[in-house]
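So the structure is just underneath, and the comments pick up after that.
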Amino acid sequence: MKTLRETIAWAEENKVAIGHFNFSDSNQLWAIFNAAREVNVPVVVGLSGGERNFFGVEQAVAMVHSLRDTYDFPIYINGDHTYKVEDVKHAIDAGFDSVIYDSTKDGHEHNVANTKECVEYARNCGRDVLIEAEMGNIGQSSSMWDEAPAAVDDDVLTDPEMLKRFVAETGVDLIAPAVGNLHGMSKDGRNPELNIDRIKVLREEGGIPMVLHGGSGISDADFKSAIEAGVCCVHINTEIRKAYQNGIKEFVNANPDEIAPYRFLKQGQDDMQEVVKKRLELFNGM
Ligand code: G3H
Ligand code: ZN
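Each residue of the sequence shown is one higher than the last, beginning at 4 in our numbering.
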C-alpha cells in the first residue's frame with residue numbers, strides 16, 4: 004500500500020486531487036469509505052479538534068486502520084486544524100498519517116517556530132507522517148452562512164514570497180493557502196471564486212504540494228482549474244455535514260416512531276455518501 008506521501012505524489016503527477024472529508028462518527032466514516040470504494044480512488048478522512056474529541060483520537064485511528072486493513076484499501080487519516088503543538092504530537096503518537104498545525108492567527112514568528120517543532124517531531128516518530136501548515140486567512144468554521152461575501156480581498160491571499168520563506172524555514176510537507184477559499188458555505192451553495200493565477204504562482208514559489216481547504220460551495224469549474232493549476236488535495240466538510248443532517252431530519256420527520264439508530268441514521272449516511280461520491284468523481288477527472 005502506498006504511503007500518503009506517495010499517494011500525493013501520484014495525484015500531482017496525474018493532475019488529480021485526493022478528496023479529504025471530515026467525520027465525527029462511524030456512520031460518516033462508512034459513508035466516506037463506501038463512496039471511495041465505489042469510485043475506487045484513494046481518500047483522506049480528517050477530524051478537527053471538536054470532531055476528534057467526539058470520536059476519540061485513538062478510536063478514530065483504530066477504525067480507519069481496520070477499514071484499511073480489512074479491505075486492503077488506501078484510506079488515510081489526517082488530524083485536521085490542530086491549534087496546539089501538544090495535540091499535533093498526540094495525533095502523531097496515536098497513528099495519524101498527517102496533521103495540520105494551524106496557527107496563522109498567532110503571528111508569523113510563532114507559526115514558524117511551532118511548525119518547525121511539529122515537523123521535527125514527525126521526522127523522529129519512526130513513521131512517515133506529513134505536517135501541513137496554513138498560511139493566510141480562510142476563516143474557521145464549517146458552517147452555513149446566510150450570504151457569501153462577493154469576493155475575497157487580495158490582501159488576505161497567501162503571499163508567494165512569504166510562502167517560499169516559510170517552507171524553507173520550517174521544512175513543512177504540505178501547505179494550505181488562502182486563494183479565495185473560505186471555510187463554510189453560503190445557503191445558496193455559492194462561494195466566492197478562486198484566484199487560479201495565485202494558485203499557480205504559489206505552487207511554483209512554494210515548491211510543495213498544495214491543499215485546498217474550504218471546498219464546500221466552490222464551483223465545479225473552479226475545482227477543475229484549481230487542480231490543473233496545482234492543487235492535489237481538496238477538503239470538504241460543510242456540504243457533507245448538511246447532507247447527513249438533512250437525510251436524518253427527513254427520515255425522522257417522516258417516521259417519528261422509528262427508534263432504531265441503524266434505521267433513522269441510514270438516510271443521512273446514504274445522502275452523505277452520494278455527495279462524497281460526486282466530489283471524488285470530479286476531483287479524479289471522471
Ligand atoms: O478542513 C476542513 C475543510 O477545509 C472544510 O471546509 O467546510 O468549507 O468544506 P468546508
Ligand atoms: Zn480546513
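Where is the CB? At the ideal position from N, CA and C, for every residue including glycine. Being a predicted model, the structure only gives us computed values, none of them experimental.
Measuring only from the beta carbon, is residue i closer than 7 Å to any heavy atom that is part of the ligand G3H?
i, result
"Ile2", "Since the displayed the chain opens at 4 and closes at 289, residue 2 lies outside it and no answer follows."
"Glu187", "Residue identity differs from the one stated: residue 187 is Gly in this sequence, not Glu. Yes; taking the cut-off as 7 Å, the Cβ of Gly187 has a heavy atom of the ligand G3H nearer than that."
"Asp96", "no"
"Asp83", "yes"
"Asn240", "yes"
"Ser222", "no"
"Ser145", "yes"
"Gly52", "no"
"Asn25", "yes"
"Gly218", "yes"
From what residue to what residue does the alpha helix (DSSP H) around residue i run?
i, result
"Ser29", "Ser29 to Val42"
"Ile251", "Thr241 to Ala257"
"Ile103", "Where Ile103 is concerned, there is no enclosing alpha helix (DSSP H), although the beta strand (DSSP E) it sits in stretches over Ser101 to Tyr104."
"Leu7", "Leu7 to Glu16"
"Asp223", "Asp223 to Ala232"
"Cys128", "No alpha helix (DSSP H) contains Cys128, which DSSP labels as neither H nor E."
Where do the ends of the beta strand (DSSP E) carrying residue i lie?
i, result
"Asn287", "Premise fails: Asn287 is in no beta strand (DSSP E) and is neither H nor E."
"Asn25", "Ile21 to Asn25"
"Ile262", "Premise fails: Ile262 is in no beta strand (DSSP E) and is neither H nor E."
Based on DSSP bridge pairs, tell me the residues matched to residue i.
i, result
"His238", "His23"
### Query
Which residue spans inside the segment 132-219 form an unbroken beta strand (DSSP E) run of at least 3?
Correct list: 133-138, 177-180 and 213-215.
### Closer than 5 Å: residues whose CB approaches a heavy atom of the ligand ZN
Answer in sequence order: His216 and His238.
### Task
Any chance you could list the beta strand (DSSP E) runs of at least 3 consecutive residues sitting entirely within the segment 41-88, in chain order?
Within the segment 41-88, the complete beta strand (DSSP E) segments at least 3 residues long are 46-50 and 78-85, listed from N- to C-terminus.
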